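This report refers to the structure that appears directly beneath it.
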Ligand SMILES: Cc1cc2nc3c(=O)[nH]c(=O)nc-3n(C[C@H](O)[C@H](O)[C@H](O)COP(=O)(O)OP(=O)(O)OC[C@H]3O[C@@H](n4cnc5c(N)ncnc54)[C@H](O)[C@@H]3O)c2cc1C
Ligand code: FES
């Protein structure tokens, strides 16, 4: 239907470590990949949940951080020129009559691929929603979990909740165009960068923004348009004018649409695969990394890498039928080295 | 040794616990509704519990790292703790906690 479908060999859903390494293994067998992730950067859990924490069980790396592993993977797969599509969630996966697949995202981008690799880990990362009654009816109208268009915040009474870098950065960025801005946090200590904390405190001292130590209790407004937020504070309850609310409590993984794609599942939230090709119940759709299940499965990065290598052999046969798949080492094959840009 | 855990539905469970285990691991092993997405690395805050007032003072106070993670708990209270940061020992025999909604596996999305 839509004229701007991307046609490619493989679509990889998820840019966690396992999705990233799959680009490498698929690249060695000449398959071109597009990678989609709802996060705004690669690395999945490693980048989002533990960028600074050390990992000790990556072969040949006695110690490497979550972010370090991600950076190294990006460097390693660079020769294959995979294209990344961030900040979008894959919502639909359909089989077409010619045996290929159409993948659609919530940003309405469409891809047609011969092979789909689901490397969706623990599900898509989504913002934690504060347990405030009725907040759903304001979402997307006056309550936002991310700032997409700054203009929507001009001349508004903005309330930002949280104590990390997102809360602080947006406090600093939105203050100049706001009508009023109130930062709400449960304690008078912030885990964001010291520099941002200092800048924020200077704005408070200058009377440009308010800081309230407290928590959201309920919302007031009509038809999705917020007028006030009510806060619980150590000094008692209070209400603050608010036409825009930005809660920043970080992200958590939710399985999301993966369970609607007609694939055979295990315990309702993992995708069943075989251990020869890591193919799902639908031929041509593979699942690797934390999202899959087979007897003996371990949710380790190491295991996900192995799954990617075997998957790539099977994907090659589907995408380029009739072409011989020759087993080669990167150390000795000039063909492979050419692909890697080192020969 | 045991702990007493009230789940999100208000049901009270008395769970056998082992020395050196994290309270999160005890709760997860007995199959109660706890997400514990990061497996106990103090990186996700989805093992959030409310500690019974009579026990609050008897626990080691939260580290700066735990306080930082508690910032990402939307339903935080003064007696909030991350259960992966509480290690079981004889002193905690009989510890009473309540599982927070934000620790549930699939929160109402
Ligand atoms: C604190 C912590 C410490 C860990 N330590 C270790 C360790 O020491 N060793 C080890 O081997 N493992 C460790 N792990 C586990 C390891 O991080 C995971 O096994 C690994 O991240 C799995 O990689 P993945 O690529 O399968 O999935 P993930 O890293 O979960 O990435 C999946 C990606 O897919 C995206 N996604 C999902 N669904 C969609 C969709 N519909 N549309 C768009 N995007 C989507 C998600 O946003 C996510 O970015 C640790 C995990 C944590 C949390
Ligand atoms: S299990 Fe993640 S913080 Fe406790």
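Chains as they are written, first to last, in the working numbering: chain A, 14 to 356; chain B, 204 to 312. Glycine residues also receive a C-beta, built at the ideal position from the N, C-alpha and C atoms. All of these numbers come straight from a predicted model, not from anything done at the bench.
Checklist entry - Listed from N- to C-terminal order along the chain, which residues in the region 205-218 of chain A have their beta-carbon within a distance smaller than 8 Å of any beta-carbon of chain B? => result Within the region 205-218 of chain A, no residue has a Cβ that lies closer than 8 Å to any Cβ of chain B.
Item to check | Proximal chain B residues relative to residue 239 of chain A, where beta-carbon distance stays under 9 Å | outcome: On the first chain, residue 239 of chain A is found 226 positions in, with the first residue counted as 1. When 9 Å is used as the limit between beta carbons, residue 239 of chain A is near no residue of chain B, the shortest such separation being about 17 Å.
Next on the checklist: Could you check whether the Cβ of residue 271 of chain A sits closer than 7 Å to any heavy atom belonging to ligand 1?
Outcome noted: Start at 1 with the first residue of the first chain, and residue 271 of chain A comes out as number 258. Distances between the C-beta of residue 271 of chain A and the heavy atoms of ligand 1 include at least one below 7 Å.
Next on the checklist: Run through chain B and tell me which residues come within less than 9 Å of residue 151 of chain A, C-beta to C-beta.
Outcome noted: Residue numbering aside, residue 151 of chain A sits at position 138 when the first chain is read from its first letter. In chain order: nothing, as chain B lies at least about 15 Å away.
Next on the checklist: Any beta carbon from chain B within less than 8 Å of residue 63 of chain A's own beta carbon?
Outcome noted: In the first chain, counting from the first residue as 1, residue 63 of chain A sits at position 50. It does: the Cβ of residue 63 of chain A has a partner Cβ on chain B nearer than 8 Å.
Checklist entry - Can you check whether the CB of residue 44 of chain A is closer than 8 Å to the CB of residue 332 of chain A? => result Indexing the first chain from 1 puts residue 332 of chain A at position 319. Indexing the first chain from 1 puts residue 44 of chain A at position 31. Contact flag set, yes.
Item to check | Extent of the continuous beta strand (DSSP E) to which residue 223 of chain A belongs | outcome: On the first chain, residue 223 of chain A is found 210 positions in, with the first residue counted as 1. Residues 223-226.
Checklist entry - Going by DSSP, which residues form a beta bridge with residue 251 of chain A? => result Counting from 1 along the first chain, the entry for residue 251 of chain A is found at position 238. Per DSSP, the beta bridge partners of residue 251 of chain A are A/244.
Checklist entry - Residues in the region 246-269 of chain A with C-beta within 8 Å of chain B's C-beta atoms, listed in sequence order? => result 260, 262, 263, 265, 266, 267 and 268
Next on the checklist: Below 7 Å on C-beta distance, what does residue 278 of chain B contact in chain A?
Outcome noted: The residue given as residue 278 of chain B occupies position 75 in the second chain. Neighbours of residue 278 of chain B on chain A, chain order: 144.
Checklist entry - Using a beta-carbon distance below 8 Å, is residue 161 of chain A in contact with chain B? => result Working through the first chain from its first residue, we reach residue 161 of chain A at position 148. Not an interface residue.
Item to check | Enclosing beta strand (DSSP E) for residue 266 of chain A [first to last residue] | outcome: By one-based count along the first chain, residue 266 of chain A stands at place 253. Unbroken beta strand (DSSP E) run through residue 266 of chain A: 264-267.
Item to check | Where residue 176 of chain A meets chain B, residues with beta-carbon distance less than 9 Å | outcome: In the first chain, residue 176 of chain A corresponds to position 163, counting from 1. The contact set of residue 176 of chain A on chain B, defined by CB atoms closer than 9 Å, consists of 271, 274 and 275 in chain order.
Checklist entry - So residue 58 of chain A packs on residue 267 of chain A, CB below 8 Å; how close in whole Å? => result As a position in the first chain, residue 58 of chain A is number 45, starting the count at 1. As a position in the first chain, residue 267 of chain A is number 254, starting the count at 1. Their Cβ separation, rounded to whole angstroms, is 13 Å, which puts residue 58 of chain A and residue 267 of chain A out of contact at 8 Å.
Item to check | In DSSP terms, what residue 306 of chain A is bridged to | outcome: Residue numbering aside, residue 306 of chain A sits at position 293 when the first chain is read from its first letter. A/285, per the DSSP bridge assignment.
Checklist entry - Using DSSP with H/G/I as helix, E/B as strand and the rest coil, what is residue 148 of chain A? => result Counting from 1 along the first chain, the entry for residue 148 of chain A is found at position 135. DSSP places residue 148 of chain A in helix when its eight states are reduced to three.
Item to check | Interface partners of residue 221 of chain A on chain B, CB under 8 Å | outcome: Locating residue 221 of chain A in the first chain gives position 208, where the first residue counts as 1. Under the 8 Å cutoff, chain B gives no residues; its nearest Cβ is about 23 Å from residue 221 of chain A.
Checklist entry - According to DSSP, what are the bridge partners of residue 258 of chain A? => result Sequence index remark: in the first chain, residue 258 of chain A carries index 245 (1-based). For residue 258 of chain A, which the question treats as bridged, DSSP gives the partners A/156 and A/172.
Checklist entry - On the three-state DSSP scale, how would you describe residue 115 of chain A? => result Locating residue 115 of chain A in the first chain gives position 102, counting from the first residue. The three-state reading of DSSP puts residue 115 of chain A in strand, counting E and B together.
Item to check | Residue of B/279, B/257 and B/243 minimising C-alpha distance to residue 303 of chain B | outcome: The count along the second chain starts at 1 and reaches residue 303 of chain B at position 100. The residue with the shortest Cα to Cα distance from residue 303 of chain B is B/279.
Checklist entry - Just curious, the beta strand (DSSP E) that residue 140 of chain A is in, first and last residue? => result As a first step, residue 140 of chain A is located in the first chain; it is residue number 127 there, counting from the start. DSSP places residue 140 of chain A in the uninterrupted beta strand (DSSP E) bounded by 137-140.
Checklist entry - What in chain A is Cβ-close to residue 249 of chain B, meaning under 8 Å? => result Along the second chain, read from residue 1 onward, the residue named residue 249 of chain B stands at position 46. Residues of chain A passing the Cβ test: 265.
Item to check | Pick from A/109, A/52, A/89 and A/127 that is closest to residue 99 of chain A, judged by C-alpha positions | outcome: Along the first chain, one-based indexing puts residue 99 of chain A at 86. Per the Cα distances, A/52.
Checklist entry - With residue 106 of chain A and residue 129 of chain A assumed to form a contact (beta carbons below 8 Å), what rounded beta-carbon distance in angstroms separates them? => result Residue 106 of chain A sits at position 93 when you count from the first residue of the first chain. Residue 129 of chain A sits at position 116 when you count from the first residue of the first chain. Their Cβ separation, rounded to whole angstroms, is 6 Å, which keeps residue 106 of chain A and residue 129 of chain A in contact under 8 Å.
Next on the checklist: Counting only beta-carbon separations shorter than 8 Å, does residue 240 of chain B have a partner in chain A?
Outcome noted: As a position in the second chain, residue 240 of chain B is number 37, starting the count at 1. Chain A, which has a Cβ nearer than 8 Å to the Cβ of residue 240 of chain B, makes this yes.
Checklist entry - Going along chain E, which residues have a C-beta under 9 Å from residue 309 of chain B? => result Looking for chain E here will not work: the only protein chains present are A and B.
Item to check | Cβ contact check for the region 212-223 of chain A and the region 181-196 of chain A: 3 or more pairs under 8 Å | outcome: yes
Next on the checklist: Quick check on the burial criterion: 16 or more other C-beta atoms within 10 angstroms. Buried or exposed for residue 156 of chain A?
Outcome noted: Residue 156 of chain A sits at position 143 when you count from the first residue of the first chain. With 16 or more other Cβ atoms within 10 Å, it is buried.
Checklist entry - Would you report the Cα separation of residue 214 of chain B and residue 250 of chain B, rounded to the nearest angstrom? => result Reading the second chain from its first residue, position 11 is the one you call residue 214 of chain B. Reading the second chain from its first residue, position 47 is the one you call residue 250 of chain B. Roughly 17 Å between the two C-alpha positions.
Next on the checklist: In the DSSP assignment, the alpha helix (DSSP H) including residue 351 of chain A goes from what residue to what residue?
Outcome noted: In the first chain, counting from the first residue as 1, residue 351 of chain A sits at position 338. Residues 347-352.
Checklist entry - Taking all protein chains shown into account, do 16 or more other C-beta atoms lie within 10 angstroms of the C-beta of residue 221 of chain B, making it buried, or fewer, making it exposed? => result The residue you call residue 221 of chain B lines up with position 18 of the second chain. Exposed is the call here.
Next on the checklist: Cβ closer than 8 Å: which chain A residues qualify as neighbours of residue 246 of chain B?
Outcome noted: What you label residue 246 of chain B is simply residue 43 of the second chain in a count that begins at 1. Here the neighbours are 62, 63 and 66.
Checklist entry - To the nearest whole angstrom, what separates the beta carbons of residue 196 of chain A and residue 180 of chain A, a pair I think is in contact under 8 Å? => result Counted from its first residue, the first chain places residue 196 of chain A at position 183. Counted from its first residue, the first chain places residue 180 of chain A at position 167. About 7 Å; that satisfies the 8 Å criterion.
Checklist entry - Just the residues with CB closer than 7 Å to a heavy atom of ligand 2, in chain order, which are they? => result B/227, B/239, B/240, B/241, B/242, B/243, B/244, B/245, B/246, B/247, B/248, B/249, B/250, B/272, B/285, B/286, B/287 and B/288
Checklist entry - Closest by CA to residue 313 of chain A, which one among A/49, A/30 and A/87? => result Here residue 313 of chain A corresponds to residue number 300 of the first chain, with the count starting at 1. Closest by alpha carbon: A/30.
Checklist entry - By a C-beta neighbour count over all protein chains shown, 10 Å radius and 16 as the cutoff for buried, is residue 116 of chain A buried or exposed? => result Taking the first chain and counting its residues from 1, the one referred to as residue 116 of chain A is at position 103. That one is buried.
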